[in-house]
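K.L.:
Chains as they are written, first to last, in my numbering: chain A, 1 to 234; chain C, 1001 to 1414.
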């Protein structure tokens, strides 16, 4: 279910509400049924507040559905205890966030090593692998730099390297180019295309930008917490 | 140059860390001072008891409560295994070395048994033989009539001799009060030293004179109606050398003396040592209870600092948890931070306590200086104190761990 193998992901009747039952509740997702086969490149588009990020959080087990089920390879995982979902995330999911979310007190190399440390990868092995990943994203010479010493594009490339650290089968990117200029945005998207193809990983990319979404092979459009359209390119 | 984004928060965190260390250090310094000085004073008093030249003390309730001191000493002296029985009367009086009065503590003793009940350290402070005339103090006492000739000899302490420029052979007027006309002229026949570590100023300005002389001078010889008082505060009893270390002999002699004077207290120094140790234990508990208030405040501050750090680091915690790092990692980081702050605070507190004691020994008032100089820093006690603070810091860190593990990932990353 993890470590390189992309899972088949299924969402069945998923709902996510926020707020207490007796108070005004916000229905962020309603009745989502979705299946994503291994290795697929999916974009999720839609206006602000339509539930894109909530969907991504449920796919990546950062959040649990209020109703319905999230399955990986047929196994129900969405409502498992926090500890189990954390383990599944660690082994099987790579996150790339709009604001990069690197840890400011760690160097680029240490940021990339962090998920491997949690998996108890031996130090020489994880340092070697982190150096390889940083070289792969074009930052071989900046391994000792702290996040505040990097440009936005460089920070996002470190975040991509970190997302790949434990060889996940599922990559989730939430507006990965939202804070980048067009040149850096193109570079990061090219990088994501390449690493997805090289690893045959599933990539789900949330974006506002139709140009960015165009790179995917499957296009989900969301509206008011529902999937309004689901279109595959031939 | 681009300014590091994390610089300001980092300075804020440093300030919090410094404050937490300072709070714990302050909380630790207090028990270090109390325990080291209190323990040192107790140890000193215990050593005094152990080094005393007598083993049993007869005492009575009230001021100068033993009556018939000469006769009682004779009866005790007659008990088997008793080497000497020395009655002692201590009364504050005034000396008039020039014109003005100098308050001094007068000790009335019977010279021969007094010398026999001095410990090795005390013996070296007094001239030998004691130049106070009649060694038995019987001539002046004269079977309770005090009609015999008085020697009117007195020994004065070296500090008194130095301060008032009194030479051996000079005469010195001693009076029971500030009224010089009630005084009696004494001849200074010698001086005695004062132990350098003696507590308080009482031992510094002192005179030693025959018991009967002091009794007559201060009105503790006969009552106005002529009845015999012959008062003393204590009778110090030394056993023959072979019997000193025999608990059974000590007990037997104590019982025998007690049967002579059923209304007086008869205690052995070993009993007094036990009582002192028990009192010292109670004081230590009191010091720790007092210190625990400071420790609670320090640890609460630590808990607040750690919770504040968690609150301000919610995003970093959210990132770690989003990546899938186990909760025990996050908890471990917080506990390690708390422990590190507690260890640093404790070490600074121990060092601070040491410096406070050193400062008191150098610049405190005379009694405080003396007490501070007796301070004993027991490594095992200090280590136990540090270990206790570190253990409590783990409990204080638990609140921050609880907050950290409840951080909602999706909210933290919003």
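A virtual CB, placed ideally from N, CA and C, is assigned to each residue, including glycine.
Every value quoted in this text rests on a predicted model; they were computed, and no experiment measured them.
Please name the residue in A:128, A:19, A:42 and A:47 whose C-alpha comes closest to that of residue 225 of chain A.
P.N.:
If you number the first chain from 1, residue 225 of chain A lands on position 225. Taking only the C-alpha atoms, the option nearest residue 225 of chain A is A:47.
K.L.:
Around the C-beta of residue 1169 of chain C, are 16 or more other C-beta atoms found within 10 angstroms, so that it is buried, or is it exposed?
P.N.:
Residue 1169 of chain C sits at position 169 when you count from the first residue of the second chain. Burial call: exposed.
K.L.:
At the 9 Å Cβ level, is residue 1409 of chain C part of the contact set with chain A, yes or no?
P.N.:
Taking the first residue of the second chain as 1, we reach residue 1409 of chain C at position 409. It does; some Cβ of chain A falls within 9 Å.
K.L.:
Name the chain C residues that come within less than 7 Å of residue 198 of chain A, Cβ to Cβ?
P.N.:
For the purposes of this step, residue 198 of chain A is taken as the residue at position 198 of the first chain. Within chain C, no residue comes near residue 198 of chain A; the closest Cβ sits about 22 Å away, beyond 7 Å.
K.L.:
Are the beta-carbon atoms belonging to residue 1337 of chain C and residue 1314 of chain C less than 9 Å from one another?
P.N.:
As a first step, residue 1337 of chain C is located in the second chain; it is residue number 337 there, counting from the start. As a first step, residue 1314 of chain C is located in the second chain; it is residue number 314 there, counting from the start. No.
K.L.:
Of all the residues that make up the segment 1295–1325 of chain C, which are near chain A by a beta-carbon distance shorter than 9 Å?
P.N.:
The segment 1295–1325 of chain C vs chain A, Cβ under 9 Å: 1315, 1316, 1318, 1319, 1320, 1321, 1322, 1323, 1324 and 1325.
K.L.:
Is residue 146 of chain A helix, strand or coil when you go by DSSP?
P.N.:
The count along the first chain starts at 1 and reaches residue 146 of chain A at position 146. Reduced to three states, the DSSP call for residue 146 of chain A is coil.
K.L.:
Note the first and the last residue of the continuous alpha helix (DSSP H) segment covering residue 1287 of chain C.
P.N.:
Working through the second chain from its first residue, we reach residue 1287 of chain C at position 287. It spans 1269–1312 - the alpha helix (DSSP H) in which residue 1287 of chain C sits, taken as one unbroken run.
K.L.:
Please compile the residues from chain C whose C-beta is within a distance smaller than 7 Å of the C-beta of residue 57 of chain A.
P.N.:
Locating residue 57 of chain A in the first chain gives position 57, where the first residue counts as 1. Neighbours of residue 57 of chain A on chain C, chain order: 1410.
K.L.:
Does DSSP put residue 1202 of chain C in a helix, a strand or coil?
P.N.:
Walking along the second chain from the start, residue 1202 of chain C turns up at place 202. Because the pLDDT at residue 1202 of chain C is just 48, under 50, the model does not fix this residue reliably, and the point stays unresolved.
K.L.:
Who are the near neighbours of residue 1360 of chain C in its chain, counting only those whose CB is closer than 6 Å to its CB and skipping five residues on each side?
P.N.:
Translated into positions along the second chain, residue 1360 of chain C becomes position 360. Result list for residue 1360 of chain C: 1368 and 1372, in chain order.
K.L.:
Buried or exposed: which applies to residue 1353 of chain C, given that a residue is buried once 16 or more other Cβ atoms fall within 10 Å of its Cβ?
P.N.:
Walking along the second chain from the start, residue 1353 of chain C turns up at place 353. It is buried - the Cβ of residue 1353 of chain C has at least 16 other Cβ atoms within 10 Å.
K.L.:
At a Cβ threshold of 9 Å, is residue 145 of chain A touching chain C?
P.N.:
Walking along the first chain from the start, residue 145 of chain A turns up at place 145. Residue 145 of chain A does not count as touching chain C.
K.L.:
Going by the CB atoms, is the gap between residue 130 of chain A and residue 109 of chain A shorter than 9 Å?
P.N.:
Taking the first residue of the first chain as 1, we reach residue 109 of chain A at position 109. Taking the first residue of the first chain as 1, we reach residue 130 of chain A at position 130. It is a contact, given that the beta carbons lie within the stated cut-off.
K.L.:
What's the gap between the Cα of residue 1378 of chain C and the Cα of residue 1039 of chain C?
P.N.:
Here residue 1378 of chain C is taken as the residue at index 378 of the second chain, counted from 1. Here residue 1039 of chain C is taken as the residue at index 39 of the second chain, counted from 1. Going from the Cα of residue 1378 of chain C to the Cα of residue 1039 of chain C covers about 9 Å.
K.L.:
Chain A beta carbons: is any one of them nearer than 9 Å to that of residue 1341 of chain C?
P.N.:
As a first step, residue 1341 of chain C must be located in the second chain, where it is residue number 341. Judged by the 9 Å Cβ criterion, residue 1341 of chain C is not in contact with chain A.
K.L.:
On the criterion of 16 or more Cβ atoms from any shown chain inside 10 Å, does residue 1145 of chain C qualify as buried, or is it exposed?
P.N.:
Taking the second chain and counting its residues from 1, one reaches residue 1145 of chain C at position 145. Exposed, by the Cβ-count rule.
K.L.:
Which of helix, strand or coil does DSSP assign to residue 1004 of chain C?
P.N.:
The residue labelled residue 1004 of chain C in the question sits at position 4 within the second chain. Any answer about residue 1004 of chain C is weak, because its pLDDT of 49 lies below 50 and its placement is not dependable; what the coordinates show is given next. In this structure, residue 1004 of chain C counts as coil in the three-state DSSP scheme.
K.L.:
Consider the Cβ of residue 1363 of chain C: report whether some Cβ of chain A lies at a distance smaller than 9 Å.
P.N.:
Stepping through the second chain from its first residue, residue 1363 of chain C is reached at position 363. By this cut-off, residue 1363 of chain C is not an interface position.
K.L.:
Can you give the Cα-Cα distance for residue 1391 of chain C and residue 1334 of chain C, rounded to whole angstroms?
P.N.:
Counting from one through the second chain, the residue named residue 1391 of chain C turns up at place 391. Counting from one through the second chain, the residue named residue 1334 of chain C turns up at place 334. Using only the alpha carbons, I get a separation of about 14 Å.
K.L.:
Return the bridge partner residues of residue 18 of chain A from the DSSP annotation.
P.N.:
What you label residue 18 of chain A is simply residue 18 of the first chain in a count that begins at 1. DSSP, once it has assigned bridges, lists A:26 as partnering residue 18 of chain A.
K.L.:
Given this structure, state the Cα-to-Cα distance separating residue 1407 of chain C from residue 97 of chain A, to the nearest angstrom.
P.N.:
Within the second chain, numbered from 1, the residue matching residue 1407 of chain C stands at position 407. Within the first chain, numbered from 1, the residue matching residue 97 of chain A stands at position 97. Looking at the two C-alpha atoms, the distance is approximately 18 Å.
K.L.:
Please report the residue range of the beta strand (DSSP E) in which residue 1083 of chain C lies.
P.N.:
What you label residue 1083 of chain C is simply residue 83 of the second chain in a count that begins at 1. Taken as a continuous stretch (DSSP letters only), the beta strand (DSSP E) holding residue 1083 of chain C covers 1082–1096.
K.L.:
Use the C-beta contact count for residue 223 of chain A: other C-beta atoms within 10 angstroms, 16 or more gives buried, fewer gives exposed.
P.N.:
By 1-based counting over the first chain, the position of residue 223 of chain A is 223. It counts as exposed.
K.L.:
On the criterion of 16 or more Cβ atoms from any shown chain inside 10 Å, does residue 1236 of chain C qualify as buried, or is it exposed?
P.N.:
Within the second chain, the letter at position 236 stands for residue 1236 of chain C. Buried: at least 16 other Cβ atoms inside 10 Å.
K.L.:
For residue 1127 of chain C versus residue 1173 of chain C, is the C-beta distance shorter than 9 Å?
P.N.:
Reading the second chain from its first residue, position 127 is the one you call residue 1127 of chain C. Reading the second chain from its first residue, position 173 is the one you call residue 1173 of chain C. Not in contact: residue 1127 of chain C and residue 1173 of chain C (Cβ atoms no closer than 9 Å).
K.L.:
Three or more C-beta pairs under 8 Å: does that hold for the segment 1105–1124 of chain C against the segment 1260–1275 of chain C?
P.N.:
No: fewer than three Cβ pairs fall under 8 Å.
K.L.:
Three-state secondary structure (DSSP) at residue 1108 of chain C?
P.N.:
Numbered from its first residue, the second chain carries residue 1108 of chain C at position 108. The answer is strand: DSSP assigns residue 1108 of chain C an E or B state.
K.L.:
Could you tell me the distance, in whole angstroms, from the CA atom of residue 1201 of chain C to the CA atom of residue 1041 of chain C?
P.N.:
One-based indexing of the second chain puts residue 1201 of chain C at position 201. One-based indexing of the second chain puts residue 1041 of chain C at position 41. With a pLDDT of 45 at residue 1201 of chain C, under the threshold of 50, the modelled position of this residue cannot be trusted; read the value that follows with caution. Looking at the two C-alpha atoms, the distance is approximately 15 Å.
K.L.:
Are at least three pairs of beta-carbons, each pair with one atom in the segment 53–61 of chain A and one in the segment 8–17 of chain A, less than 8 Å apart?
P.N.:
Yes, the segment 53–61 of chain A is in contact with the segment 8–17 of chain A.
K.L.:
Contact criterion: CB-CB distance below 9 Å. Does residue 1413 of chain C meet it with respect to chain A?
P.N.:
As a first step, residue 1413 of chain C must be located in the second chain, where it is residue number 413. Yes, contact with chain A.
K.L.:
Under 9 Å between the Cβ atoms of residue 1049 of chain C and residue 1233 of chain C?
P.N.:
Position 49 of the second chain holds residue 1049 of chain C. Position 233 of the second chain holds residue 1233 of chain C. In this structure, residue 1233 of chain C does not lie closer than 9 Å to residue 1049 of chain C by Cβ.
K.L.:
Straight-line CA distance for residue 1103 of chain C to residue 1096 of chain C?
P.N.:
As a first step, residue 1103 of chain C must be located in the second chain, where it is residue number 103. As a first step, residue 1096 of chain C must be located in the second chain, where it is residue number 96. So the two alpha carbons sit approximately 9 Å from each other.
K.L.:
Could you have a look at residue 1050 of chain C and say whether DSSP puts it in helix, strand or coil?
P.N.:
Within the second chain, numbered from 1, the residue matching residue 1050 of chain C stands at position 50. The answer is helix: DSSP assigns residue 1050 of chain C an H, G or I state.
K.L.:
Buried or exposed: which applies to residue 1140 of chain C, given that a residue is buried once 16 or more other Cβ atoms fall within 10 Å of its Cβ?
P.N.:
Taking the second chain and counting its residues from 1, one reaches residue 1140 of chain C at position 140. Residue 1140 of chain C is buried by the Cβ-count criterion.
K.L.:
Would you grab the beta carbon distance between residue 172 of chain A and residue 93 of chain A for me? Rounded to a whole angstrom, and I think it's under 8 Å.
P.N.:
Your numbering for residue 172 of chain A matches position 172 in the first chain. Your numbering for residue 93 of chain A matches position 93 in the first chain. Going by Cβ atoms, the distance from residue 172 of chain A to residue 93 of chain A rounds to 6 Å, so yes, they are a contact pair.
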